[in-house]
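Chains as they are written, first to last, in my numbering: chain A, 141 to 279; chain B, 141 to 279; chain C, 141 to 279; chain D, 141 to 279.
Every residue gets a Cβ at the ideal spot worked out from N, C-alpha and C, and that includes glycine.
4 protein chains.
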Amino acid sequence: MRPYTHKVLYYETDQMSIAHHSNYIRWMEEAKMDFLDQIGFNYAVLEKKGVISPVVSVECHYILSTFFDETVTILVTMREYKGVRLKLHYEMLHPDGRVAAVADSENCFTDRQGKPLAIKRIDPAFHEKLCELAAATED
Amino acid sequence: MRPYTHKVLYYETDQMSIAHHSNYIRWMEEAKMDFLDQIGFNYAVLEKKGVISPVVSVECHYILSTFFDETVTILVTMREYKGVRLKLHYEMLHPDGRVAAVADSENCFTDRQGKPLAIKRIDPAFHEKLCELAAATED
Amino acid sequence: MRPYTHKVLYYETDQMSIAHHSNYIRWMEEAKMDFLDQIGFNYAVLEKKGVISPVVSVECHYILSTFFDETVTILVTMREYKGVRLKLHYEMLHPDGRVAAVADSENCFTDRQGKPLAIKRIDPAFHEKLCELAAATED
Amino acid sequence: MRPYTHKVLYYETDQMSIAHHSNYIRWMEEAKMDFLDQIGFNYAVLEKKGVISPVVSVECHYILSTFFDETVTILVTMREYKGVRLKLHYEMLHPDGRVAAVADSENCFTDRQGKPLAIKRIDPAFHEKLCELAAATED
Numbered sequence: 141m142r143p144y145t146h147k148v149l150y151y152e153t154d155q156m157s158i159a160h161h162s163n164y165i166r167w168m169e170e171a172k173m174d175f176l177d178q179i180g181f182n183y184a185v186l187e188k189k190g191v192i193s194p195v196v197s198v199e200c201h202y203i204l205s206t207f208f209d210e211t212v213t214i215l216v217t218m219r220e221y222k223g224v225r226l227k228l229h230y231e232m233l234h235p236d237g238r239v240a241a242v243a244d245s246e247n248c249f250t251d252r253q254g255k256p257l258a259i260k261r262i263d264p265a266f267h268e269k270l271c272e273l274a275a276a277t278e279d
Numbered sequence: 141m142r143p144y145t146h147k148v149l150y151y152e153t154d155q156m157s158i159a160h161h162s163n164y165i166r167w168m169e170e171a172k173m174d175f176l177d178q179i180g181f182n183y184a185v186l187e188k189k190g191v192i193s194p195v196v197s198v199e200c201h202y203i204l205s206t207f208f209d210e211t212v213t214i215l216v217t218m219r220e221y222k223g224v225r226l227k228l229h230y231e232m233l234h235p236d237g238r239v240a241a242v243a244d245s246e247n248c249f250t251d252r253q254g255k256p257l258a259i260k261r262i263d264p265a266f267h268e269k270l271c272e273l274a275a276a277t278e279d
Numbered sequence: 141m142r143p144y145t146h147k148v149l150y151y152e153t154d155q156m157s158i159a160h161h162s163n164y165i166r167w168m169e170e171a172k173m174d175f176l177d178q179i180g181f182n183y184a185v186l187e188k189k190g191v192i193s194p195v196v197s198v199e200c201h202y203i204l205s206t207f208f209d210e211t212v213t214i215l216v217t218m219r220e221y222k223g224v225r226l227k228l229h230y231e232m233l234h235p236d237g238r239v240a241a242v243a244d245s246e247n248c249f250t251d252r253q254g255k256p257l258a259i260k261r262i263d264p265a266f267h268e269k270l271c272e273l274a275a276a277t278e279d
Numbered sequence: 141m142r143p144y145t146h147k148v149l150y151y152e153t154d155q156m157s158i159a160h161h162s163n164y165i166r167w168m169e170e171a172k173m174d175f176l177d178q179i180g181f182n183y184a185v186l187e188k189k190g191v192i193s194p195v196v197s198v199e200c201h202y203i204l205s206t207f208f209d210e211t212v213t214i215l216v217t218m219r220e221y222k223g224v225r226l227k228l229h230y231e232m233l234h235p236d237g238r239v240a241a242v243a244d245s246e247n248c249f250t251d252r253q254g255k256p257l258a259i260k261r262i263d264p265a266f267h268e269k270l271c272e273l274a275a276a277t278e279d
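Written out as structure tokens, the structure is:
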């Protein structure tokens, strides 16, 4: 997996002169979309097929502030997938490798009306791929 | 019309220690929604009826910076409505009355598929109200 | 304590037609600022005195989506304060009382250069007030 | 000049299922920062030298909506620079070349206290470069 990078934008800074903490939650989404892209399941395509994936929970631990114009590298790893929820873990790194933040997200899958979807039935290839990654994680 | 107020939020500041200029465009939207509410046409209700109102253009002139925790008063006035486009004007004021910014927006009306809508036919009462306000402006 | 309310803004929605989850992290900040205000310690004033309060961690569990134009009520409660970190808990409620989300945040206190501050020494009255609220929580 | 590109992020969409119009104002800033970078004057470096560049006005005309996951190309061109204000023009294009939006911004230059700065004196090389680009525009 290619790590995802995000350059901190001016409008993401606040008057502490650091990237505002709420943006990290957005970068997690960017990195998650890139992760799905890289494993072959573009989220825009999934949504067109009727697979919606709302966020169930997020958690972020801020360790070292990030700054305007700095490139943050985000490593996404699969934590768990058992058919219903997708748990991802994120490590956000400064250019010199120091950890800026660690974070976790949990997503479910629903149809357009918000009813839970069994990915296994709706998109078996996507289900297989997620299972495969989850199994690799457990090793 | 009651003026709309917006308290500048911490996450709206940037590292110049002022409210980032992009937020003013968002405050214009907040004030426009409040304007529609006050004239009796809640936008959430309009959308449910199938009336979508995309923004066609915005313009904002920043005169005096605004700061965290400051309450900005926004005066919205009708500039023009001839059945197709709604042009609104905004004056944003500091608590002491000094002008912080002046702005303009232009909206059109479409159906859910993006096709132009004749408000006169779809929602005659809304059309009447907008015409009435536009006429008052011309005086 | 008066509960804090936030009306969901149009620009906070996403193409799932719900408030985007990253905004909840921002609402937590709004509610925290209001909480500090209500206990007599306005954050803008604290910052002017040189007390900066960066976020150390956030966590949010999304239970029921919130929607444009809906007023969300946010109840903030003190979870812990022992002189160094302030832990707050948030309950976000729909107008009918159903829980939309529960969340937690942790803040530290630093000077303008990012060095940890002992609130007890810098602002004893603020320290006292936080201790008092923390003690009430433990009961 | 390499054109700047921005991939529309999920959190930038709204419930019209298009990129919310306020984001275009942010993309203009991203493209402006990239423009300054490309002409050799990184804005983070300028700010460290004490040159702050607040936005004086913005204007954006939305022609064709942009969508999640779409890559928008932004062409920035110098409109005017006479030593005090920098006027830039932006063309935002869909992948197929159709114009999504056209926009303009105007920036001034101040010191950290907000007092107007004569770029010519503070940073002659930057002034020269901007003059050169402005002259090329007039041809």
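- DSSP places residue 182 of chain D in the coil class of the three-state scheme, outside both helix and strand.
- Put simply, the backbone Cα of residue 157 of chain D is about 37 Å away from that of residue 277 of chain D.
- Classified as exposed, residue 272 of chain A has fewer than 16 neighbouring CB atoms from the shown chains inside 10 Å of its CB.
- Residue-level contact by beta carbon fails for residue 245 of chain C and chain D, as no gap is shorter than 8 Å.
- Judged by beta-carbon spacing, residue 146 of chain A lies within the 8 Å limit of residue 170 of chain A, meaning their Cβ atoms are closer than that value.
- Under the Cβ criterion (8 Å, minimum of three pairs), the region 217 to 229 of chain C counts as touching the region 241 to 256 of chain C.
- Within chain D, the residues whose beta carbon sits less than 9 Å from that of residue 192 of chain B are 156, listed in sequence order.
- Residue contact check for residue 150 of chain A against chain B: a CB pair falls below 8 Å.
- With a contact defined as Cβ atoms closer than 8 Å, residue 179 of chain D and residue 260 of chain D miss out at about 16 Å.
- In this structure, residue 182 of chain C lies away from residue 154 of chain B, with their beta-carbon atoms at least 8 Å apart.
- Runs of the alpha helix (DSSP H) spanning 4 or more residues and lying entirely within the region 219 to 270 of chain C occur at 259 to 262, in chain order.
- Residue pairing by DSSP places residue 217 of chain A opposite A/229 in a beta bridge.
- With 16 or more other Cβ atoms from the protein chains shown falling within 10 Å of its own Cβ, residue 159 of chain A counts as buried.
- Within the same chain, 171, 175, 228 and 230 come within 6 Å of residue 216 of chain C by CB-CB distance, once the 5 residues on both sides are set aside.
- In this chain, the beta strand (DSSP E) harbouring residue 145 of chain A covers 144 to 147.
- One alpha carbon belongs to residue 165 of chain A, the other to residue 152 of chain B, and they sit about 16 Å apart.
- Around residue 153 of chain C, the beta-carbon contacts reaching into chain D at under 8 Å are 154 and 155.
- Shown here, residue 278 of chain A sits in a helix according to DSSP, grouped into three states.
- A direct Cα-Cα distance of roughly 41 Å separates residue 162 of chain A from residue 223 of chain B.
- The Cβ atoms of residue 203 of chain C and residue 144 of chain C lie no closer than 8 Å to each other.
- When DSSP states are grouped into helix, strand and coil, residue 203 of chain C belongs to the coil group.
- Rounded to the nearest whole angstrom, the C-alpha separation of residue 192 of chain D and residue 264 of chain D is 15 Å.
- Residue 157 of chain B carries a coil assignment under DSSP once its states are collapsed to helix, strand and coil.
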